[in-house]
Amino acid sequence: MQVIFICSTARRKVPQAAAAPCVKIPSPRLPQRRPKPSFLLLPATLSIMKKYLFRAALCGIAAAILAACQSKSIQTFPQPDTSVINGPDRPAGIPDPAGTTVGGGGAVYTVVPHLSLPHWAAQDFAQSLQSFRLGCANLKNRQGWQDVCAQAFQTPVHSFQAKQFFERYFTPWQVAGNGSLAGTVTGYYEPVLKGDDRRTAQARFPIYGIPDDFISVPLPAGLRSGKALVRIRQTGKNSGTIDNTGGTHTADLSRFPITARTTAIKGRFEGSRFLPYHTRNQINGGALDGKAPILGYAEDPVELFFMHIQGSGRLKTPSGKYIRIGYADKNEHPYVSIGKYMADKGYLKLGQTSMQGIKSYMRQNPQRLAEVLGQNPSYIFFRELTGSGNDGPVGALGTPLMGEYAGAVDRHYITLGAPLFVATAHPVTRKALNRLIMAQDTGSAIKGAVRVDYFWGYGDEAGELAGKQKTTGYVWQLLPNGMKPEYRP
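So for the sequence shown, the working numbering puts the first residue at 4; every next one is plus one.
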């Protein structure tokens with residue numbers, strides 16, 4: 004018996020929605036013929052014997068089903084069939100885990116076959132491999148990842164060999180959160196801001212590094228109730244520790260924005276007390292004057308605000324110089340959506356609260372700038388990045404992000420650095436966007452098991468796509484064979 008393939012060979016210069024995978028149909032052995040793009044492999048003449056008519060009928064039915072699937076802008080993917088897995092591609096000695104399920108923290112992870120992932124066979128695996136290699140600069144030092152990272156650098160950057168790499172060394176786990184496979188996919192990007200490396204009449208809004216009086220103190224899990232008085236001792240320029248015996252300053256934890264996930268409190272010494280660090284309103288009002296390094300000045304405060312949301316950016320000076328800016332730390336106040344505030348106040352309709360809609364409104368209503376931006380007390384401190392201007396921003400994994408092949412996740416549910424298959428819709432065309440990316444970043448607004456922030460790259464075009472990306476999505480986490488996903492409180 005042969006296997007007949009029905010394929011779409013359509014290609015795009017920049018893939019936005021992966022082409023449909025091949026459909027395999029068993030058939031009697033026939034002479035080999037070169038397939039033509041987007042057509043069924045039918046007999047060359049009508050004189051073919053009757054025994055081949057059944058095959059032609061099957062092909063026609065499959066083509067109709069395939070066309071119907073492609074006509075939808077986004078698919079809903081039910082729990083895939085886990086009765087089979089890519090056995091021939093699995094190394095000897097690895098047990099077949101099909102159907103294995105683990106859970107924790109409200110999430111459920113279920114092993115599925117690679118080919119159950121939508122449009123799996125049509126991925127640009129070479130790009131995915133390059134993105135994974137970037138993350139291996141950090142991952143190779145972690146238990147369970149050394150061997151796959153070594154194999155990644157021995158694998159040619161070619162889609163066929165890269166596909167074999169991901170199928171041979173990784174097991175896909177479909178992720179469900181709170182009883183649902185469906186989640187949310189948003190987008191982010193690396194903005195390019197106009198500004199200067201010195202203050203001018205046009206560039207007046209500072210981009211701050213970590214302030215001199217900023218202190219970060221690790222918070223033990225036992226103190227996350229936030230109802231204790233503790234003593235703080237400074238241990239470094241911007242660091243401290245809880246020391247109830249030798250501490251010099253008292254901290255009332257009830258004054259800090261502590262949640263079950265808080266791992267550190269951020270504050271400053273004032274007299275004998277350790278207080279929460281300044282909010283955005285306080286900083287915009289001059290609280291950091293003379294107390295923090297300034298990396299440069301932006302011309303537009305709204306663009307600067309959104310660079311805080313993205314976590315990184317590039318500052319373009321009048322001379323044409325670019326200053327690359329990356330995340331350094333934050334004041335630890337909670338992120339608050341200004342879009343929701345603007346909708347609640349009636350400034351914008353709920354469907355207009357995209358990044359583009361907010362920017363447009365703020366430029367037309369500058370009198371509301373302080374009011375609206377101040378609703379988000381969270382504030383990011385930056386650092387200047389070195390290295391090639393072609394490198395992407397540095398994510399939470401500590402490695403550069405590759406546009407359209409990386410994303411931010413909730414590290415409590417998804418292993419940072421792991422390959423992540425995302426099935427969602429393109430924000431403009433609304434066609435299926437199915438992509439094997441790498442989970443190499445995090446974000447304060449990215450919470451939940453099936454929650455992804457897709458990195459579109461840098462510049463205005465990426466910003467347009469990121470601002471419009473808010474779609475239903477499905478997620479599969481790929482882990483090295485033998486490794487199981489786990490919830491990390």
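Ideal placement from N, C-alpha and C gives every residue a C-beta, glycine not left out.
- Counting only the Cα atoms, Gln472 lies some 19 angstroms from Gly316.
- Between Ala373 and Glu489, the alpha-carbon positions lie close to 42 angstroms from each other.
- DSSP lists Ser242, Lys269 as the beta-bridge partner residues of Ser219.
- In this chain, Phe135 is not harboured by any beta strand (DSSP E); it is covered by the alpha helix (DSSP H) spanning 128-142.
- Per DSSP, Val453 lies in no alpha helix (DSSP H) segment and is marked neither H nor E.
- The residue among Ile361, Arg283, Leu278 with its C-alpha nearest the C-alpha of Gln378 is Arg283.
- Non-local C-beta neighbours of Phe156 in its own chain, meaning closer than 7 angstroms and more than five positions away in sequence, comprise Arg136, ordered along the chain.
- Annotation: the continuous alpha helix (DSSP H) that includes Val151 extends over 149-157.
- Secondary structure note for Phe163: its alpha helix (DSSP H) is the uninterrupted segment 162-172.
- DSSP, reduced to helix, strand and coil, places Asn247 outside both helices and strands of the structure shown, so it counts as coil.
- Apart from the 5 residues on each side of it in sequence, Leu256 sits with its Cβ closer than 6 angstroms to the Cβ of Gly229, Ala231 in its chain, given in chain order.
- Scanning Arg491, Leu482, Tyr325 for the CA closest to the CA of Phe169 turns up Leu482.
- Pairing Tyr457 with Val178 gives a Cβ-Cβ distance that is not under 9 angstroms.
- In the structure shown, the three-state DSSP call for Val178 is strand.
- Your pair Ile218 and Phe272 checks out as a contact, with CB atoms roughly 7 angstroms apart and the cut at 8 angstroms.
- Here DSSP, grouped into helix, strand and coil, assigns Phe458 to strand.
- Gln205 carries a coil assignment under DSSP once its states are collapsed to helix, strand and coil.
- Glu464 sits exposed, since fewer than 16 C-beta atoms from the chains shown fall within 10 Å of its C-beta.
- It is roughly 8 angstroms from the alpha-carbon of Arg414 to the alpha-carbon of Arg491.
- Counting along the chain, Ala428 sits inside the beta strand (DSSP E) bounded by residues 422-428.
- Here Leu307 is actually not in contact with Ile341; their C-beta atoms are around 14 angstroms apart, not less than 8 angstroms.
- Shown here, Met441 sits in a strand according to DSSP, grouped into three states.
- Contact annotation: Tyr300 and Arg202 have beta-carbon atoms nearer than 9 angstroms.
- Under DSSP, Arg386 takes part in a beta bridge, and its partners are Gly329.
- Burial state of Thr158 is buried, judged by a 10 Å Cβ sphere holding 16 or more other Cβ atoms.
- Under the DSSP assignment, Lys343 falls in the alpha helix (DSSP H) whose first and last residues are 341-348.
- For the options Gly349, Phe309, Tyr408, the alpha carbon positioned closest to that of Gln359 is the one of Phe309.
- Between Val431 and Leu404, the gap from beta carbon to beta carbon reaches 9 angstroms or more.
- For Ile312, no beta strand (DSSP E) segment is defined; the enclosing uninterrupted segment is the alpha helix (DSSP H) at 304-313.
- Taking 9 angstroms as the cut-off, the beta carbon of Val339 is found closer than this to the beta carbon of Pro380.
- Taking a 10 Å sphere around the C-beta of Pro121, we find 16 or more other C-beta atoms and assign the residue as buried.
- Taking a C-beta distance under 9 angstroms as the contact criterion, Ala411 and Ala426 do not qualify as a contact pair.
- Within the DSSP secondary-structure output, Ile297 pairs in a beta bridge with Tyr211.
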